[in-house]
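Residue numbers (the numbering used here): 717 to 1091. Heads up, the beta-carbon is just placed ideally off N, CA and C, and yes, glycines get one too. Quantities reported herein were computed from a predicted structural model and do not represent experimental measurements.
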């Protein structure tokens, strides 16, 4: 039996508590996670119920990341499941809930996940290491032109800026209204709303000492149409992080070489359904593919043929499958709405799974037309 404290907290196996940057033995980690999530004393109500319908025993049959393909993709159930049912019982009566966050609602009603403090802290520490490799300014003011409210992206940037920056400025941004307007054929209304967002960003850029800007690609493209804003950004901003939507290779090249040539511009790719993501690999040239290396074995990608679910060859394009495995959550074998080029992990890396490059959305997913809008 897993030892517990007076507050009912079950102490995890040490392999589940590695810090960012430490080597994690894949098999030991995955087996410990399966014991944690499928033990009646430590697992979440959601996964303990799901286990009753599996045709295998995760504690006996799942030993590595590749074995996560045995799980059914259950993320659609996260649209309706009581969110607290996702919290592992092993955290006891006070699990330390950082927040409940929604997916973007691109392919239907939003899905919800629960972030616990320990995982949010881990993800921030990991990202701080990634940004240090990019020499992101320290003690500077940030502007976040990203969704907040029920969206993970804004909350994550808030924590990053608190650790790395000085002041964080934000704007009001509701991406669901833009998506709804586009889906209902009201593109003019979506355009007016996007212009409203840029106007808010303009005022902050003009009046504040912004050195780091986090923004979605559609809004960065719209900002770049305004010569005065391009001049402001080039005069003040040292780093631009884009994420939450996709940036095509040609536009990325144009931004890096002509529009914002003196600024460190890099992407972040992830998903609420994996409770995180990864920053663009350092050292890439403007004409290199934009590569993302996930923090395996906690977050892993596969690039597969969507019909067979078999991996495509390195250098070929396929659909992205995402996995999240940590003490705080389990979301395996999720076929995402993205296509990407399959890339080998970084040289010398012991990571499992794939790196991905030049990510783009599929046109249809789950019978729904994919509408990105501004996020």
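Measure the alpha-carbon distance for residue i versus residue j and round it to whole angstroms.
{"i": "residue 877", "j": "residue 862", "result": "13 Å"}
{"i": "residue 994", "j": "residue 1011", "result": "7 Å"}
{"i": "residue 977", "j": "residue 826", "result": "37 Å"}
{"i": "residue 757", "j": "residue 805", "result": "6 Å"}
{"i": "residue 1095", "j": "residue 996", "result": "Missing from the structure shown is residue 1095; the chain here goes from 717 to 1091 and no further."}
{"i": "residue 1070", "j": "residue 907", "result": "37 Å"}
{"i": "residue 717", "j": "residue 773", "result": "Residue confidence for residue 717 is low, a pLDDT of 49 falling below 50, so the modelled location carries little weight and cannot support an answer."}
{"i": "residue 855", "j": "residue 849", "result": "16 Å"}
{"i": "residue 734", "j": "residue 762", "result": "25 Å"}
{"i": "residue 771", "j": "residue 947", "result": "60 Å"}
{"i": "residue 889", "j": "residue 913", "result": "7 Å"}
{"i": "residue 783", "j": "residue 776", "result": "11 Å"}
{"i": "residue 895", "j": "residue 904", "result": "12 Å"}
{"i": "residue 967", "j": "residue 815", "result": "34 Å"}
{"i": "residue 929", "j": "residue 886", "result": "10 Å"}
{"i": "residue 704", "j": "residue 1020", "result": "Any answer about residue 704 is impossible in this case: the structure gives the chain only from 717 up to 1091."}
{"i": "residue 866", "j": "residue 899", "result": "21 Å"}
{"i": "residue 937", "j": "residue 754", "result": "46 Å"}
{"i": "residue 788", "j": "residue 769", "result": "10 Å"}
{"i": "residue 901", "j": "residue 830", "result": "33 Å"}
{"i": "residue 1032", "j": "residue 942", "result": "37 Å"}
{"i": "residue 949", "j": "residue 796", "result": "42 Å"}
{"i": "residue 893", "j": "residue 743", "result": "44 Å"}
{"i": "residue 1029", "j": "residue 923", "result": "50 Å"}
{"i": "residue 810", "j": "residue 1045", "result": "16 Å"}
{"i": "residue 725", "j": "residue 979", "result": "46 Å"}
How would you write the range of the beta strand (DSSP E) that residue i sits in, first residue to last?
{"i": "residue 817", "result": "813-818"}
{"i": "residue 926", "result": "926-931"}
{"i": "residue 981", "result": "980-987"}
{"i": "residue 729", "result": "Neither: residue 729 is in no beta strand (DSSP E) and is coded neither H nor E."}
{"i": "residue 777", "result": "It is not in any beta strand (DSSP E) - residue 777 instead sits in the alpha helix (DSSP H) that spans 774-777."}
{"i": "residue 1072", "result": "1071-1077"}
{"i": "residue 885", "result": "884-886"}
{"i": "residue 957", "result": "955-959"}
{"i": "residue 780", "result": "From DSSP, residue 780 is part of no beta strand (DSSP E); its letter is neither H nor E."}
{"i": "residue 994", "result": "992-995"}
Quick check on the DSSP output: the alpha helix (DSSP H) that includes residue i runs from which residue to which?
{"i": "residue 1094", "result": "In the structure displayed, the chain extends from 717 to 1091; residue 1094 sits before or after that span and is not available."}
{"i": "residue 967", "result": "965-970"}
{"i": "residue 767", "result": "761-767"}
{"i": "residue 751", "result": "742-754"}
{"i": "residue 870", "result": "868-880"}
{"i": "residue 1047", "result": "Here residue 1047 belongs to no alpha helix (DSSP H); instead the beta strand (DSSP E) covers 1046-1059."}
{"i": "residue 862", "result": "It is not in any alpha helix (DSSP H) - residue 862 carries neither H nor E in the DSSP assignment."}
{"i": "residue 918", "result": "903-923"}
{"i": "residue 949", "result": "943-952"}
Just to confirm, is the Cβ distance from residue i to residue j under 7 Å?
{"i": "residue 802", "j": "residue 760", "result": "yes"}
{"i": "residue 1013", "j": "residue 745", "result": "yes"}
{"i": "residue 981", "j": "residue 933", "result": "no"}
{"i": "residue 808", "j": "residue 833", "result": "no"}
{"i": "residue 817", "j": "residue 961", "result": "no"}
{"i": "residue 891", "j": "residue 1089", "result": "yes"}
{"i": "residue 935", "j": "residue 989", "result": "no"}
{"i": "residue 953", "j": "residue 931", "result": "no"}
{"i": "residue 781", "j": "residue 1024", "result": "no"}
{"i": "residue 999", "j": "residue 958", "result": "no"}
{"i": "residue 842", "j": "residue 736", "result": "yes"}
Counting only the same chain and skipping the five closest in sequence on each side, list residues whose C-beta sits under 7 Å from that of residue i.
{"i": "residue 945", "result": "918, 921, 939"}
{"i": "residue 729", "result": "748"}
{"i": "residue 973", "result": "1002"}
{"i": "residue 1018", "result": "1027, 1037, 1069, 1070"}
{"i": "residue 915", "result": "none"}
{"i": "residue 1073", "result": "1005, 1006, 1007, 1056, 1057, 1059"}
{"i": "residue 987", "result": "993, 1038, 1052"}
{"i": "residue 766", "result": "790"}
In its own chain, which residues sit with a C-beta less than 8 Å from the C-beta of residue i, not counting the 5 before and 5 after it?
{"i": "residue 840", "result": "872, 875, 876, 879"}
{"i": "residue 1042", "result": "732, 749, 835, 838, 991, 1014"}
{"i": "residue 1075", "result": "962, 985, 1006, 1008, 1036, 1054, 1055, 1056"}
Excluding five sequence neighbours on each side, which residues of the same chain lie with their C-beta closer than 6 Å to the C-beta of residue i?
{"i": "residue 672", "result": "Look at the range of the chain in this structure, 717 to 1091, and you will see that residue 672 is not part of it."}
{"i": "residue 858", "result": "877, 881, 884, 928"}
{"i": "residue 1067", "result": "1012, 1061"}
{"i": "residue 852", "result": "955"}
{"i": "residue 846", "result": "995"}
{"i": "residue 868", "result": "817, 988"}
{"i": "residue 870", "result": "862, 863, 864"}
Item to complete: Can you check the segment 1007-1040 for any alpha helix (DSSP H) of at least 4 residues that lies completely inside it and give the ranges in chain order?
Response: none
Discussion item. Restricting to runs no shorter than 3 residues, where is the beta strand (DSSP E) found entirely within the segment 787-856?
Written reply: 813-818, 828-832
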